[in-house]
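Novice: Pasting a structure here, questions to come.
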Amino acid sequence: MRLTLTLFILFPFFIFSQQKRQLKKEVKELSVKYISYKNRADNVVFTGSSSIRMWHSLNDTYPSSNILNTGFGGSEMSDLLRHRNRLIKDFKPTKLFVYEGDNDIARGKTPEKTLRHFKRFIKWYKRRMPNTELYIISPKPSIARWHFKGEYLKLNKELKALCDEEGLAYIDVWLPMINNDRPIQDVFLDDDLHMNEKGYEIWRTQIDPYIEK
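When you line the sequence shown up against the UniProt record's numbering, it's residues 1 to 213, in that order.
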């Protein structure tokens, strides 16, 4: 009984440790993949969780831009803070698009705590990368996580206010992915969480004006 209880208590910590190791492995692989880009002056970095990582057509979507996709699956804003140099700063991007907050809320973080991580990130960005244009992409709606709707709406509202206060661009992908007060049904893969090309086409229409600036 005692052993069972111990295993029950330790299991979440084991899973957490495994996830962090996997993220670290992905970060290392991305750093190696894009090593030749570190001396270029025209990089555009997209980073964040799996909605960025799984945007496989990103380079084809913007062929005239020097796009680096440093998305790493399952990440939260705290993970991006931890790996910000290897995923962002090392590449000296002229433009930076960030998508985080989706997993934060789904794993139980409050909008307030998630926003604090965003504030820390923005503070670092302004101090270390003042010549880079930063664009914050809002957490998206999804069928699989619709029960968190209230938390996402609160986070998005506070993120928008933070971006306005800091003079940053906030890219809303939530509203364009909603129809009849529900997530659009046919823009997701079978897991009802990650997007297919129809979903990314919606994102493209929202992001286009900032790529072309």
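All C-beta atoms in this analysis are idealised placements derived from N, C-alpha and C, irrespective of residue type, glycine included.
Given the structure is predicted, the values throughout are model-derived calculations rather than measurements.
What is the rounded straight-line gap between the Cα of residue 214 and the Cα of Asn-179?
Specialist: The requested residue 214 is not part of the displayed model; the chain covers only 1 to 213.
Novice: Is Lys-95 helix, strand or coil when you go by DSSP?
Specialist: strand
Novice: Indicate whether Ile-67 and Tyr-99 have their beta-carbon atoms separated by less than 7 Å.
Specialist: no
Novice: To the nearest angstrom, how far is the alpha carbon of Asp-60 from that of Met-54?
Specialist: 13 Å
Novice: Gly-48 lies in the beta strand (DSSP E); which residues open and close that run?
Specialist: 43-48
Novice: Run through DSSP, which three-state label would Tyr-152 get?
Specialist: DSSP places Tyr-152 in the helix class (H, G or I) of the three-state scheme.
Novice: Do Val-44 and Lys-95 have their C-beta atoms within less than 7 Å of each other?
Specialist: yes
Novice: Which one or two residues does DSSP pair with Tyr-170 in a beta bridge?
Specialist: Ile-136
Novice: To which residues does DSSP link Pro-183 through a beta bridge?
Specialist: Ile-178
Novice: Give me the Cα-Cα distance between Val-27 and Arg-116, rounded to the nearest whole angstrom.
Specialist: 23 Å
Novice: Buried or exposed: which applies to His-83, given that a residue is buried once 16 or more other Cβ atoms fall within 10 Å of its Cβ?
Specialist: buried
Novice: Kindly indicate which residue of Asp-186, Val-32 and Trp-174 has the alpha-carbon position closest to the one of Leu-87.
Specialist: Val-32
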